[in-house]
Amino acid sequence: MPADSLPTILIADDQADVREALRLLLKAEGIASVGVADPAAALEAVRKREFACALIDCNYSRDTTSGEEGLSLLEHLRQLAPELPVVAMTAWGNVPLTVEAMRRGAADFIEKPWDNARLVSVLRAQIALAEGARRERRLAAENALLRGEAGEDFVAESPAMRRVLALVERVAGSDANVLVLGENGTGKGVVAQLLHRRSPRAAHSLVKVNMGGIAESVFESEMFGHVRGAYTDAKSERIGRFELADGGTLFLDEVGNVPPSQQPKLLRVLEDGEFERLGSSRTQKVDVRLVSATNADLQAEVVAGRFRKDLLYRLNTLEVRLPPLRERVEDILPLARSFLARSAQRYGRVGLRLAPSAERALLAWRWPGNVRELQHLMERAALLAERDEVGAAVLAFGEPAATPAVDLDGMTLEQAEAQLVQRALERFDGNLQRAADALGITRQSLYRRLEKHDLRGVAGDAD
1 MPADSLPTIL IADDQADVRE ALRLLLKAEG IASVGVADPA AALEAVRKRE
51 FACALIDCNY SRDTTSGEEG LSLLEHLRQL APELPVVAMT AWGNVPLTVE
101 AMRRGAADFI EKPWDNARLV SVLRAQIALA EGARRERRLA AENALLRGEA
151 GEDFVAESPA MRRVLALVER VAGSDANVLV LGENGTGKGV VAQLLHRRSP
201 RAAHSLVKVN MGGIAESVFE SEMFGHVRGA YTDAKSERIG RFELADGGTL
251 FLDEVGNVPP SQQPKLLRVL EDGEFERLGS SRTQKVDVRL VSATNADLQA
301 EVVAGRFRKD LLYRLNTLEV RLPPLRERVE DILPLARSFL ARSAQRYGRV
351 GLRLAPSAER ALLAWRWPGN VRELQHLMER AALLAERDEV GAAVLAFGEP
401 AATPAVDLDG MTLEQAEAQL VQRALERFDG NLQRAADALG ITRQSLYRRL
451 EKHDLRGVAG DAD
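Below is the structure:
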């Protein structure tokens, strides 16, 4: 096992020969150690790095009998690092001091002169308990964030999306940071999921953060975590998003919304992999692969002074640009069918299918809301469809018409009227009453116009 991955024990004892004996014993057991000679040095060491456990003597050079220096160190360690298990070393037979150490928060005790087997057993037990508690806290925090959702289908029938998929496949296996660009609703989060699933980090967490939803006042707490007492309402420690994503992937959505005052702190983690929890001076290291997304023009934001150029360079080692849905027409119907099937399953409408009129309407729409708009539209259709077939009448588009724009200026009055009547009939699947209502005329008037423009074949009998 590499030295930097071994559990490390902090040894605090004022006798150099004791520290050396403990170091050699622990080294033989595969446990690293750092030795310090007094309480001040012990506290400084804990501020600077993380330890698996602390083994502290209760008596130091200024006071060799009462144990008060050691008890004071114990209390300060509990305040500085509440999750750090502390094992106290006491003189053999000093029961009152042992009891007091346990009362003040010691996880266990060792009597001097120690028994090697018991000392190693106690330390291993405390390391295992602390690691178990750490995993439990991390799991609880991940569950609260819902980790990454189950992977969504990645539809790439269009040439534009096939190019995107090929690029994702090439870069997923690396640890390079990726910046995903595209309009709102184009599926940037789906690309982030795909990059994670195809990477060597797939067995670890994909942690998602909506940077637009984090207030500047809680940015550090959300991203880096905080210790108990860091501020008035900090009743317990909090694990930040970077720590949760350690070993996995961190997805920063809407990264262009990171406040300028917080950008240097984000840059530091990306450069060094280091951060401190809010309220702590102890530096922690993380290993994360960063995927970011935005619909903003970050180059323009850099020019305007709202986004750091060096941060942008860290984010966009590789760029993936997603085309809007209107530029990937071949994907519209496969996506629509996939979304409809998923929603139909959820709402107990298995067997729903798209009518030809609905397919024509979907292909004709310009999709200002992109894939997200299509997904929501199919969910509503699964709820509102009266039969097993979803017709155009059920599709509630964001604008009145779902057909290509027609230049009415180039038409005669008769041609324009025929076009509007035909469009209304297609939109409502041939339902005469609903088409008449949409046109603002009576049903009898619509009948006359159908005969006038020879459109009776367009009308259906579902009225």
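Counting from 1, position 430 in the sequence shown corresponds to residue 430 in full-length UniProt numbering; the numbering is continuous, with no gaps. Where a beta carbon is used, it is the ideal one built from N, C-alpha and C, also for glycine. None of the values given here were measured: they were computed from a predicted structure.
By how many angstroms is the C-alpha of residue j removed from the C-alpha of residue i?
{"i": "ALA88", "j": "PRO7", "result": "18 Å"}
{"i": "ARG19", "j": "THR90", "result": "15 Å"}
{"i": "ALA402", "j": "GLU386", "result": "With a pLDDT of 39 at ALA402, under the threshold of 50, the predicted position of this residue should be treated as unreliable, though the coordinate-derived value follows. Cα to Cα, the separation comes out at about 20 Å."}
{"i": "ALA405", "j": "TRP365", "result": "Residue confidence for ALA405 is low, a pLDDT of 48 falling below 50, so the modelled location carries little weight; the figure read from the coordinates is stated next. Going from the Cα of ALA405 to the Cα of TRP365 covers about 9 Å."}
{"i": "ASP122", "j": "VAL291", "result": "This sequence places Val at residue 122; Asp is not what is there. Taking the straight line from one Cα to the other gives about 42 Å."}
{"i": "ASN94", "j": "LEU73", "result": "18 Å"}
{"i": "ALA42", "j": "ARG314", "result": "36 Å"}
{"i": "GLY30", "j": "ALA107", "result": "21 Å"}
{"i": "ASP115", "j": "ARG282", "result": "33 Å"}
{"i": "GLU50", "j": "LEU129", "result": "16 Å"}
{"i": "VAL34", "j": "ASP246", "result": "24 Å"}
{"i": "THR442", "j": "ARG380", "result": "29 Å"}
{"i": "ARG197", "j": "LEU10", "result": "38 Å"}
{"i": "ALA28", "j": "ARG104", "result": "31 Å"}
{"i": "ALA296", "j": "ASN177", "result": "18 Å"}
{"i": "LEU119", "j": "LEU97", "result": "18 Å"}
{"i": "ALA12", "j": "VAL155", "result": "59 Å"}
{"i": "MET102", "j": "ILE127", "result": "17 Å"}
{"i": "VAL168", "j": "LEU194", "result": "8 Å"}
{"i": "THR412", "j": "GLU451", "result": "18 Å"}
{"i": "LYS48", "j": "PRO113", "result": "30 Å"}
{"i": "ASN316", "j": "GLN263", "result": "15 Å"}
{"i": "ALA21", "j": "ASP14", "result": "13 Å"}
{"i": "ARG78", "j": "LYS235", "result": "15 Å"}
{"i": "GLU414", "j": "ALA393", "result": "25 Å"}
{"i": "ALA16", "j": "GLU44", "result": "18 Å"}
{"i": "ASP287", "j": "VAL320", "result": "22 Å"}
{"i": "ARG135", "j": "PHE397", "result": "47 Å"}
{"i": "ALA166", "j": "LEU363", "result": "25 Å"}
By Cβ distance, which residues of its chain are closer than 6 Å to residue i, with the 5 residues on each side in sequence left out?
{"i": "GLY212", "result": "GLU254 and ASN257"}
{"i": "GLY391", "result": "ALA355, SER357, ALA358 and ASP429"}
{"i": "LEU318", "result": "VAL171, ALA176 and VAL178"}
{"i": "GLY369", "result": "GLY185"}
{"i": "VAL209", "result": "ARG241 and LEU252"}
Quick check on this structure: which residue in the options has the alpha carbon closest to the alpha carbon of residue i?
{"i": "ALA125", "options": "ARG277, THR98, VAL86 and GLY273", "result": "VAL86"}
{"i": "ALA52", "options": "ALA133, PHE109 and THR294", "result": "ALA133"}
{"i": "GLY279", "options": "GLU243, GLY248, ARG306 and ARG238", "result": "ARG238"}
{"i": "SER158", "options": "LEU267, GLN422 and ASP331", "result": "ASP331"}
{"i": "ASP388", "options": "ARG349, GLU417, LEU395 and LEU439", "result": "ARG349"}
{"i": "GLU271", "options": "LYS285, ALA381 and PRO259", "result": "LYS285"}
{"i": "PRO259", "options": "LEU250, ALA215 and PRO96", "result": "ALA215"}
{"i": "SER261", "options": "THR249, LEU298 and ARG306", "result": "ARG306"}
{"i": "THR186", "options": "LYS452, ALA393, ARG328 and LEU22", "result": "ARG328"}
{"i": "LEU67", "options": "ALA16, ARG342 and GLU100", "result": "Position check: residue 67 holds Gly in this sequence, whereas Leu was assumed. The shortest Cα separation from GLY67 among ALA16, ARG342 and GLU100 belongs to GLU100."}
{"i": "ASP38", "options": "VAL394, LEU22, ILE441 and ASP57", "result": "ASP57"}
{"i": "ARG241", "options": "THR232, LYS235 and LEU252", "result": "LEU252"}
{"i": "ALA416", "options": "LEU384, LEU395 and ARG449", "result": "ARG449"}
{"i": "GLY248", "options": "TYR231, ARG268, PRO264 and ARG289", "result": "ARG289"}
{"i": "GLU83", "options": "LEU195, ALA304, ALA54 and ASP17", "result": "ALA54"}
{"i": "GLY273", "options": "GLY70, GLU243 and GLN263", "result": "GLU243"}
{"i": "VAL218", "options": "ASP233, VAL207 and LEU333", "result": "ASP233"}
{"i": "SER338", "options": "ARG321, VAL320, VAL371 and TRP367", "result": "VAL371"}
Are residue i and residue j touching if we call contact CB-CB under 9 Å?
{"i": "LEU377", "j": "ALA336", "result": "yes"}
{"i": "VAL191", "j": "VAL164", "result": "yes"}
{"i": "ARG427", "j": "ALA344", "result": "no"}
{"i": "LEU340", "j": "LEU325", "result": "no"}
{"i": "ARG346", "j": "ALA300", "result": "no"}
{"i": "GLY189", "j": "PRO323", "result": "no"}
{"i": "VAL36", "j": "ALA81", "result": "no"}
{"i": "THR294", "j": "LEU179", "result": "yes"}
{"i": "ALA230", "j": "ARG277", "result": "yes"}
{"i": "HIS453", "j": "ALA418", "result": "yes"}
{"i": "LEU26", "j": "ALA32", "result": "yes"}
{"i": "GLU75", "j": "ASN59", "result": "no"}
{"i": "VAL207", "j": "LEU250", "result": "yes"}
Got a sec? Which residues, its chain only, sit under 7 Å from residue i by beta carbon, not counting five neighbours each side?
{"i": "VAL302", "result": "LYS309 and LEU312"}
{"i": "LEU71", "result": "CYS58, GLU100, ALA101 and ARG104"}
{"i": "PRO334", "result": "VAL155 and GLU157"}
Skipping 5 residues on each side, what residues in its chain have a beta carbon closer than 8 Å to that of residue i?
{"i": "LEU446", "result": "VAL421, LEU432, ALA435, ALA436 and LEU439"}
{"i": "ILE110", "result": "LEU55, VAL87, ALA88, MET89, THR90, ARG118, LEU119 and VAL122"}
{"i": "TRP367", "result": "PRO324, LEU325, ARG326, ILE332, GLU373 and LEU374"}
Exercise for review: Specify whether the stretch 221-239 and the stretch 192-204 touch according to this definition: at least 3 beta carbon pairs, one from each stretch, less than 8 Å apart.
Suggested key: no
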